[in-house]
Amino acid sequence: MEGTTLKTWRLGKKLGSGACSDVYAVESVNPLGSDAGRDFVMKLSPLPQLPAAKLKNKKRKKTPAERNADALYAEHLLYKNHLRDQPGIPYVPMGGYGEDKGYRYLVIERLGRTLETVLIKQGPVPSATAARLGLEILETLQQMHVKNILYVDVKPENFMLDTHRENKVYCVDFGISDRYVTATGKHKDYKEGTVVGTPTFLSLSCHNGLLAAEMTSSHCCMYSST
Numbered sequence: 001m002e003g004t005t006l007k008t009w010r011l012g013k014k015l016g017s018g019a020c021s022d023v024y025a026v027e028s029v030n031p032l033g034s035d036a037g038r039d040f041v042m043k044l045s046p047l048p049q050l051p052a053a054k055l056k057n058k059k060r061k062k063t064p065a066e067r068n069a070d071a072l073y074a075e076h077l078l079y080k081n082h083l084r085d086q087p088g089i090p091y092v093p094m095g096g097y098g099e100d101k102g103y104r105y106l107v108i109e110r111l112g113r114t115l116e117t118v119l120i121k122q123g124p125v126p127s128a129t130a131a132r133l134g135l136e137i138l139e140t141l142q143q144m145h146v147k148n149i150l151y152v153d154v155k156p157e158n159f160m161l162d163t164h165r166e167n168k169v170y171c172v173d174f175g176i177s178d179r180y181v182t183a184t185g186k187h188k189d190y191k192e193g194t195v196v197g198t199p200t201f202l203s204l205s206c207h208n209g210l211l212a213a214e215m216t217s218s219h220c221c222m223y224s225s226t
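Residue 216 in the UniProt record's numbering sits at position 216 of the sequence shown, with consecutive numbering throughout.
Structure, rendered in structure tokens:
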């Protein structure tokens, strides 16, 4: 894929893979304004090519490729409609979402190391640093809650530091985030269901098959950092 151009974005080196998409370094072929000179990455998922007969079957179970592409679309909507310009949320440039050549993509600013990488390479961080970063994470989650959104997948791997001084933390990967309020404004009913998230950092309510509770997940995340 390196060297491929998707609309106005040229793919560079592959940086990694997640549960729903691959991640590539990208550059704009026509950078505008403040985007000039900025570094970006692209989350990329193939669009499944399904026979028309399957597409007409509304009761069929979606394929993993369809679910991955759907997750990237849902993440794009969160950025576009709810998270844009919020503290602790990566910047998404104009034209940062689209479909081309059989792929769906989302472009965000390039960040630094994940908290997981910091812990693996440097070991536990000082308590004061963990407290400061934890407060930033809680403030970001609070802003999401104000917009009726649960992040769900709270874990060190999903929080990244800025690329320069590494003194600011960003929340990334909203593929399994969910709204806890219905379209009519009512809180969703508490009900048992499929567990979603990373078992090590799931809240007790998730382990019990209920809706996510991010306070417990945040405690687990920051406890593992010290």
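We put the CB at the ideal spot given by N, CA and C, even for glycine.
Pairwise C-alpha distance: residue j and residue i
| i | j | result |
| --- | --- | --- |
| L44 | G102 | 10 Å |
| V29 | W9 | 6 Å |
| R113 | Q122 | 12 Å |
| H82 | K59 | 30 Å |
| K118 | D173 | With the sequence shown as reference, residue 118 is identified as Val, and Lys is not the correct amino acid for it. Cα-Cα distance, rounded: 18 Å. |
| Y24 | F40 | 9 Å |
| L15 | A71 | 20 Å |
| D22 | G175 | 13 Å |
| G98 | S34 | 21 Å |
Burial state of residue i (16 or more Cβ within 10 Å)
| i | result |
| --- | --- |
| R165 | exposed |
| T140 | buried |
| L133 | buried |
For residue i, the nearest candidate out of the options (CA to CA)
| i | options | result |
| --- | --- | --- |
| N68 | F40, R104 and L11 | R104 |
| G185 | P124, I149 and E66 | I149 |
| L138 | K155, L6, G12 and P126 | K155 |
| K13 | E99, E2, H145 and A36 | E2 |
| E27 | Y79, D70, G95 and E66 | G95 |
| F86 | V181, K7, V146 and S34 | In the sequence as presented, Phe is not what sits at residue 86; that position holds Gln. Residue V146 is the option with its Cα nearest to Q86. |
| V107 | Q143, E116 and Y73 | Y73 |
| M42 | H187, C20, L32 and K61 | C20 |
C-beta contact flag for residue i and residue j at 9 Å
| i | j | result |
| --- | --- | --- |
| E109 | P93 | yes |
| L111 | P90 | yes |
| A130 | P124 | yes |
| L6 | D100 | yes |
| L161 | Y170 | yes |
| K168 | E116 | no |
Paired residues, beta bridge with residue i - DSSP
| i | result |
| --- | --- |
| V146 | Looking at the DSSP assignment, V146 forms no beta bridge with any residue, so it has no partner. |
| D22 | S17 and L44 |
| D153 | Note: D153 sits in no beta bridge, so no partner. |
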